[in-house]
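These protein sequence lines map, in sequence, to chains A and B. Under my numbering, think of the first position of the first sequence as 1, with each following residue one higher. Under my numbering, think of the first position of the second sequence as 1001, with each following residue one higher. What follows is a set of notes on a single structure, which appears directly below.
Number of protein chains: 2
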Amino acid sequence: MTTAPSTENATPGNLPDRIRASALDDIRLYGILGLRVTRVAKRANCSVTQIYRHFDDRDGLLADVLSGLFREITTRNIESSIAALSAMDSITIPDLVSILPMPSNITKREDTLLRSQILAVATVNHTLRDGLADIAKSVWPRWVEACDIIEARLAPGESFDRRVVFVVLLNSNLFYNSLLDEHGINDDEYRAFMIDAFRMKPSAN
Amino acid sequence: MTTAPSTENATPGNLPDRIRASALDDIRLYGILGLRVTRVAKRANCSVTQIYRHFDDRDGLLADVLSGLFREITTRNIESSIAALSAMDSITIPDLVSILPMPSNITKREDTLLRSQILAVATVNHTLRDGLADIAKSVWPRWVEACDIIEARLAPGESFDRRVVFVVLLNSNLFYNSLLDEHGINDDEYRAFMIDAFRMKPSAN
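This is how it looks when you write it as structure tokens:
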């Protein structure tokens, strides 16, 4: 279920890495919620006690492995956004909106769904929460940079309200919208909304 | 961890209800991710086989119980919003924004965190996904009604863009924002953004 690095990353002789690779396999097969420590141990050819020695408990193992996945997803998101923006000489707001994920393909975006699962686990797993906070803070300057690129290349007459990136895009995953079927926001409506939103200007309210 | 109805809802003689109540207790104690069917069976004074007879499997049990919780949270949200709006004679956009949850208290809002966990589980549990879709669709007209109330009572000179409700509010939970600490959107910034966003007007783009 994920596009994460597979077992080939594991050094056979390195037990923690073997456990991580086995946990990733378990997540891929059974989902985050389905991960079983006994199965992870068996696949990694070690005992449950050895897993707990390295990762404290099930939460510690999940925190380690899911932080790694979250870092990959987050890095992939920002780097592909910056690459797409860097390829544009003059950026109009419709250009910008054209690189956003659309509501119609949310359920096909495994990264987005996995990201929402990892964030949900972090609401109850404090070690994971701290790991994700470190990643989110370390990647934050890259989002500021992406906004700076947009402003620097903005087509004449356009305006760009970067608050839409930080308030809306980074906190939204549209899965709820996908539940609404014909009542949900469709791609055209989403596109039109985002164009208007990016063109807002902060008022002195 | 939840404010859901407790075991008192269970009729002692009704096995499915006793299982549901036990599962809710397990979720309250160990989180959705921590639910163990063996523990649920023991507390409900039945066998795991009996649970599977009524709910098919662990996913079926989760789908049943989490749909119930989601329905409560969703109903509570919309009904308290409508009650707050109905108490206002003339609605300005700052009034409206004053009833929104703010970023600073996201991690204290158990309903919001639980909602995000339930939505995340639904990305991999298809029975639950279908249950949530039914609930989301059944409550959708109430959100339209809330928007109608706002428009009917809008203070002179104000404008209200209801797309903000459907595109932003219903799909956002701000947990990611809470990870960013001092880089995150603060309450004043969030309030200012929402005021501007609600005052947008759909353009013909």
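Quick reminder that beta carbons are idealized off the backbone N, C-alpha and C, glycines included. The structure displayed is predicted, hence computed values, not measured ones.
Distance from B:T1112 to B:N1173 at the Cβ level is roughly 6 Å; contact confirmed, criterion being Cβ atoms closer than 8 Å. Against B:T1123, the close residues of chain A are L113, S116, Q117, F175, in the order they occur along the chain (beta-carbon pairs closer than 7 Å).
B:S1172 has A:S172 as its beta-bridge partners, per DSSP.
When only Cα atoms are considered, B:A1021 and A:S98 end up about 47 Å apart.
Checking the DSSP bridge columns, you'll see B:L1100 has no partner listed.
Fully enclosed alpha helix (DSSP H) runs of no fewer than 4 residues occupy 1048-1055 of the region 1039-1071 of chain B, in order along the chain. Taking a contact as a CB-CB distance under 8 Å, the pair B:L1066 and B:L1128 counts as one, their CB atoms being some 6 Å apart.
Residues of the region 1043-1063 of chain B that bring their beta carbon within less than 7 Å of a beta carbon in chain A are absent altogether. Per the C-alpha coordinates, the member of A:D17, A:R53, A:D181, A:M200 positioned closest to A:R43 is A:D17.
An exposed status is given to A:P141, since fewer than 16 other beta-carbon atoms sit within 10 Å of its beta-carbon. Judged by DSSP in its simplified three-state form, A:L180 adopts coil rather than helix or strand.
Using a C-beta cut-off of 8 Å, the region 1040-1057 of chain B makes no contact with the region 129-148 of chain A, since fewer than three inter-stretch Cβ pairs fall below that distance. In the three-state DSSP reduction, A:L35 falls in the coil class, being neither helix nor strand.
C-alpha of A:D196 to C-alpha of B:F1193: approximately 13 Å in a straight line.
In terms of Cα proximity to B:N1186, the closest of A:L15, A:F198, A:R163 is A:R163.
Only buried fits B:R1058, as 16 or more other CB atoms lie within 10 angstroms of its CB. A Cβ-Cβ separation of about 6 Å places B:A1023 in contact with B:L1061 under the 8 Å criterion. As a beta-bridge residue in DSSP terms, A:L154 pairs with A:I91. Residues of chain B whose Cβ lies closer than 8 Å to the Cβ of A:D181 are, in chain order, A1133, K1137. For B:I1185, no alpha helix (DSSP H) encloses it, and the DSSP letter there is neither H nor E.
CA-to-CA, the gap between B:D1025 and A:F70 works out to about 30 Å. At least 8 Å separates the CB of B:P1156 from every CB of chain A. Close to B:S1080, with beta-carbon spacing below 7 Å, lies no residue of chain A; the smallest spacing is near 18 Å.
DSSP places B:R1018 within a helical segment (H, G or I) once states are collapsed to three. Restricting attention to B:T1107, B:L1015, B:A1122, the CA atom closest to the CA of A:H126 is found in B:T1107. In chain A, no part has a C-beta under 7 Å from the C-beta of B:I1099; the shortest such distance is about 17 Å.
The Cβ atoms of A:V124 and B:L1033 sit closer than 8 Å to each other.
When secondary structure is reduced to three states using DSSP, B:V1124 falls in the coil class, being assigned neither helix nor strand. Listed along chain A is no residue with a C-beta nearer than 8 Å to that of B:S1104; the closest approach is about 14 Å. In this structure, DSSP gives B:A1133 a helical state, which the three-state scheme calls helix.
Within the same chain, Cβ atoms closer than 6 Å to the Cβ of A:I73 are found at D111, R115, the five residues on either side in sequence being excluded. At a cut-off of 8 Å between C-beta atoms, A:L24 does not count as an interface residue with respect to chain B. Scanning chain A for C-beta atoms nearer than 7 Å to the C-beta of B:G1031 yields V124, reported in chain order. Contact between B:I1091 and B:L1085 is confirmed by a C-beta separation of about 7 Å, below the 8 Å threshold. If you compare the alpha carbons of B:N1077, B:I1027, B:R1199 with that of B:D1095, the shortest gap goes to B:R1199.
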